[in-house]
Amino acid sequence: MVRALKIGSPLVRKVYHSDLVAVVATLASVPPAERDRLCGLLLCDADWADRYTRRLGKAHPKWGNGTLRAAARAYKQVNVPTIQLADCRDCLKVLTTHFDFPL
């Protein structure tokens, strides 16, 4: 795991349903053993893009505007309807382990 993000921190945007769907579609595109590393990269990319956007007033050319959804678009994604429920659950579990709050 790269690091845990504290939700509510000024450098972390709100997470919406569209962000979760995009992250699941991205994480489901790689084998389960690689998901934790990729999730950490996604979160770092989104954080850097958010800082870039706040500082320069425009979206980062690769990672977008700082949302998880925009950062996830820089990676390969699978078609959401083809994701099995167990895979979806596992991908969401990987994502929530990177957030600093209990479920």
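According to the UniProt record's numbering, the sequence shown is numbered sequentially starting from 1.
Even glycine gets a Cβ: it sits at the ideal position worked out from N, Cα and C.
As the structure is a prediction and not an experimental result, all values here were calculated from the model.
| Query | Result |
| --- | --- |
| Exposure label - Y52; buried when at least 16 CB within 10 Å | buried |
| Buried or exposed (CB count within 10 angstroms, at least 16 for buried), V80 | exposed |
| Contact set for A22: own chain, Cβ-Cβ below 6 angstroms, skip 5 residues either direction | R69 and A72 |
| V15 CB to nearest heavy atom of the ligand MN below 7 angstroms | This structure lacks the ligand MN, and indeed carries no ligand of any kind. |
| Contacts around V94, its chain only, beta-carbon distance under 7 angstroms, and the 5 residues preceding and following it disregarded | L27, R35, D36 and C39 |
| Beta-carbon proximity of V78 to A33, cut-off 8 angstroms | no |
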